[in-house]
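Position 400 of the sequence shown, counting from 1, maps to 400 under UniProt numbering, and the rest follow consecutively.
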Amino acid sequence: MTETLGVTVPHFAYGDVSYSVAEEMKRGSVIGNIGKDLGLGITTLSSRKARIDTDGNDKRYCDINLSTGDLIVTDRIDREGLCGKKATCVLKEELVLENPLELHRVSIHVQDINDNAPQFSEDLISFEIRESAVKGAKFALTEAHDADIGTNTVQRYSLQNNEHFTINVATEGGGRKHSELVLVKELDREQEKELKLLLSAVDGGSPQRSGTATIHVTVLDANDNAPVFSQAVYKVSLPENSPVDTVVVTVSATDADEGPNGDITYNFDHLSEDHVSLFSLDHKTGEIRVVGSVDYETETSIELRVRAKDGPGLTSYSTVIIDITDVNDNPPVISLKSLTNPIPENVSPGTEVGIINVQDRDSESNRQVRCSIQQGAPFKLVPSIKNYYSLVTTGQLDRELVSDYNITITATDEGSPPLSSSKTVQLSVADINDNPPVFEEQSYSAYVSENNKPGSTLCSVTARDPDWRQNGTVIYSLLPGEVNGAPVSSYVSVNGDTGVIHAVRSFDYEQFRSFKVQVMARDNGSPPLSSNVTVSSVCSYRIWSPKLHTEPLWCPK
1 MTETLGVTVP HFAYGDVSYS VAEEMKRGSV IGNIGKDLGL GITTLSSRKA
51 RIDTDGNDKR YCDINLSTGD LIVTDRIDRE GLCGKKATCV LKEELVLENP
101 LELHRVSIHV QDINDNAPQF SEDLISFEIR ESAVKGAKFA LTEAHDADIG
151 TNTVQRYSLQ NNEHFTINVA TEGGGRKHSE LVLVKELDRE QEKELKLLLS
201 AVDGGSPQRS GTATIHVTVL DANDNAPVFS QAVYKVSLPE NSPVDTVVVT
251 VSATDADEGP NGDITYNFDH LSEDHVSLFS LDHKTGEIRV VGSVDYETET
301 SIELRVRAKD GPGLTSYSTV IIDITDVNDN PPVISLKSLT NPIPENVSPG
351 TEVGIINVQD RDSESNRQVR CSIQQGAPFK LVPSIKNYYS LVTTGQLDRE
401 LVSDYNITIT ATDEGSPPLS SSKTVQLSVA DINDNPPVFE EQSYSAYVSE
451 NNKPGSTLCS VTARDPDWRQ NGTVIYSLLP GEVNGAPVSS YVSVNGDTGV
501 IHAVRSFDYE QFRSFKVQVM ARDNGSPPLS SNVTVSSVCS YRIWSPKLHT
551 EPLWCPK
């Protein structure tokens with residue numbers, strides 16, 4: 001498939017998608033319609049909470065527009081800042097959908113644009129050349145650096161027209177171009193003591209960009225040997241977090257000349273601002289030391305260019321490649337991606353109630369993470385896709401026993417020593433109307449006296465319901481029935497809120513000696529639950545007329 005700058009082209013592989021995009025696109029620019037490319041409709045994207053997550057990177061450069069399915073730029077994408085001189089630059093993102101959990105890898109190939117001009121590390125390049133120098137003598141020039149890659153980097157050098165020098169440009173195996181000043185006509189110090197020439201470096205972008213430096217030649221009398229490094233490339237390993245003042249490597253160059261012509265000084269060439277704060281170079285000994293915090297998670301390999309220069313100005317270069325090794329200095333990070341809260345108490349065991357994501361920025365075994373959950377709670381973690389876990393129930397919940405859970409999740413990496421972190425997830429159990437009201441007594445007795453006043457209290461019933469709010473609110477009522485052939489409601493009534501039973505009228509012992517009524521307690525749930533209890537009269541008092549003496553208590557058998 002052909003990729004064109006500024007044009008996004010999707011690729012598919014097992015549900016994954018890849019795009020090509022030019023760096024420095026404006027925020028809000030459309031990269032591509034990831035919904036269409038993955039066959040996902042707008043409704044599906046919204047209902048399944050589609051979102052873009054980063055893969056091991058805290059910064060997110062794109063997001064999904066749920067209204068259109070477009071993948072859009074949300075932050076500045078600078079290829080040079082992200083990938084430096086790497087030939088390919090890929091941002092790894094993930095499209096996450098829920099219910100069920102589904103993960104699609106999204107690769108964004110960042111293409112270079114010509115947004116950097118060549119630059120020389122020195123505005124003034126000085127040489128002291130003896131007048132005895134022969135035609136064909138070569139003098140290495142400082143390289144021009146262009147942060148871009150491919151054709152957008154330095155393609156050619158040119159030198160201001162003059163009668164003494166021309167420029168020779170060579171290309172190294174890796175494509176790096178370096179130039180040499182070549183003497184084509186002998187110098188005559190008595191006629192001309194110094195020369196100033198303009199050196200230009202031009203890249204191959206469209207439009208082209210260029211940078212310049214001035215070459216200052218002082219005509220002397222003879223330094224014919226340039227410094228020679230003991231190694232063209234120095235390769236070393238350095239653990240991240242190495243203490244300040246740690247010696248990384250010592251570079252060494254020799255010069256066959258004597259006296260000032262053989263005195264060598266060392267300097268970094270084209271050292272970036274980030275690396276200036278990390279390393280120092282002893283100008284006399286060539287010793288490179290750590291001066292800042294080296295972080296594997298920021299940069300795994302660092303390349304330094306070192307210049308050796310003798311007294312008159314002859315120069316040679318060497319490369320120092322520092323491989324940063326990982327140290328277990330990052331604990332796992334637990335992120336709660338989704339949570340069902342509260343949870344109905346009647347959910348089935350095995351129900352997914354949350355999604356957990358665990359990331360560790362370290363590498364290899366230092367980033368391998370084990371997750372665990374506290375014992376005693378009816379929940380467990382089930383590994384899902386990649387570094388995702390599902391939080392599921394393991395047993396039946398009962399709000400009346402436990403209404404809230406504080407679940408502690410612990411993630412531990414396999415580094416030495418291991419690092420761990422914890423996150424507490426708070427879950428509430430939602431009430432279901434699963435308990436009917438229960439009377440405090442199996443039956444109740446009502447104490448009745450003859451000639452009682454209507455409205456007088458006979459007894460009180462009480463029922464309890466452990467459910468919550470309306471599910472636990474109890475309402476009392478009389479069940480339909482008859483007493484002496486008349487409706488029970490013509491004799492007694494019950495207060496629906498308190499359960500207090502009142503006499504509706506006065507009782508006559510000669511006509512009415514005992515009764516039984518059924519009281520129902522019902523909750524306000526949906527559907528409501530209820531239970532019944534029997535209330536029976538116990539004793540009556542009889543008034544003996546005409547003596548107006550109260551006879552002994554009569555209790556029906």
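Ideal placement from N, C-alpha and C gives every residue a C-beta, glycine not left out.
Hey, would you say residue i sits closer than 8 Å to residue j, going by beta carbons?
i, j, result
"H502", "T457", "yes"
"I373", "I322", "no"
"L82", "H216", "no"
"N114", "S20", "no"
"D413", "D360", "yes"
"G136", "L195", "no"
"L141", "F165", "no"
"S421", "I334", "yes"
"S47", "P118", "no"
"D70", "Y61", "no"
"V244", "I288", "no"
"E93", "T54", "yes"
"H270", "S179", "no"
"S252", "S272", "no"
"N330", "N357", "no"
"R156", "D16", "no"
"A256", "S318", "no"
"L427", "V353", "yes"
"T250", "T285", "yes"
"L529", "P436", "yes"
"V382", "A446", "no"
"R367", "W468", "no"
"R464", "V438", "yes"
In its own chain, which residues sit with a C-beta less than 7 Å from the C-beta of residue i, not counting the 5 before and 5 after it?
i, result
"G350", "V392, T393"
"residue 559", "This structure leaves residue 559 out entirely; the chain is present only between 1 and 557."
"I72", "G28, S29, V30, I31, C62, D63, N65"
"T43", "none"
"P454", "A503, V504, R505, S506"
Can you list, in chain order, the residues of its chain with a C-beta nearer than 6 Å to that of residue i? Leave out the 5 residues immediately preceding and following it.
i, result
"T462", "E440, G499"
"I302", "I322"
"S237", "D323, T325"
"I475", "G496, R522"
"A50", "I64, L97"
"P260", "G311"
"G395", "P349, P378"
Return the Cβ separation of residue i and residue j in integer angstroms, given the expectation that the two are a contact with Cβ distance under 8 Å.
i, j, result
"V154", "A144", "5 Å"
"V30", "R79", "Not confirmed; about 19 Å, so no contact."
"I355", "E98", "7 Å"
"T254", "V294", "T254 to V294, Cβ: 30 Å. No contact."
"N471", "N524", "7 Å"
"residue 559", "K235", "As displayed, the chain neither begins before 1 nor continues past 557, which places residue 559 out of reach and without an answer."
"D203", "N168", "Wrong, their Cβ atoms sit about 19 Å apart, outside the cutoff."
"D112", "E258", "Going by Cβ atoms, the distance from D112 to E258 rounds to 48 Å, so no, they are not a contact pair."
"P239", "V327", "6 Å"
"I34", "L95", "6 Å"
From the DSSP output, read off the bridge partner residues of residue i.
i, result
"H216", "S126, K196"
"A308", "Y266, S316"
"M520", "S477, N532"
"D70", "N33"
"L91", "I108"
"D257", "Partner(s): none; D257 has no beta bridge."
"T424", "T408"
"T457", "H502"
"Q191", "BP columns for Q191 are empty, so no partner."
"R464", "V438"
"Q119", "H145"
"R367", "Its beta-bridge partners do not exist; DSSP assigns none."
"residue 558", "There is simply no residue 558 to check, as the chain begins at 1 and stops at 557 in what is shown."
"L278", "Answer is none; L278 lacks a bridge partner."
"D413", "V369"
Could you tell me whether any Cβ in chain D is nearer than 8 Å to the Cβ of residue i?
i, result
"L238", "Absence of chain D from the displayed structure is noted, only one protein chain being present."
Among residues of its own chain, excluding the 5 on either side of residue i, which ones have a beta-carbon nearer than 8 Å to its beta-carbon?
i, result
"L278", "V290, V291, G292, S293, V294, I302"
"V494", "V461, Y476, S477, L478, V500, I501, H502, V519"
"N162", "L195, L197"
"L199", "F120, I125, L141, Y157, S158, L159, Q160, I167, S179, T212, A213, T214, I215"
"N267", "L281, H283, V306, R307, K309"
"Q442", "V533"
**OP:** Examine the Cβ distances between the segment 425 to 433 and the segment 338 to 345 and report whether three or more of them are shorter than 8 Å.
**Re:** Yes, since at least three Cβ pairs between the segment 425 to 433 and the segment 338 to 345 fall closer than 8 Å, the two stretches touch.
**OP:** Decide yes or no for the touch test of the segment 511 to 527 against the segment 476 to 484: beta carbon pairs closer than 8 Å, at least 3 of them.
**Re:** The answer is yes - the segment 476 to 484 touches the segment 511 to 527, with three or more Cβ pairs under 8 Å.
Original post:
Can we say the segment 300 to 313 touches the segment 125 to 132, given the rule of at least three CB pairs closer than 8 Å?
Top reply: Yes: at least three Cβ pairs fall under 8 Å.
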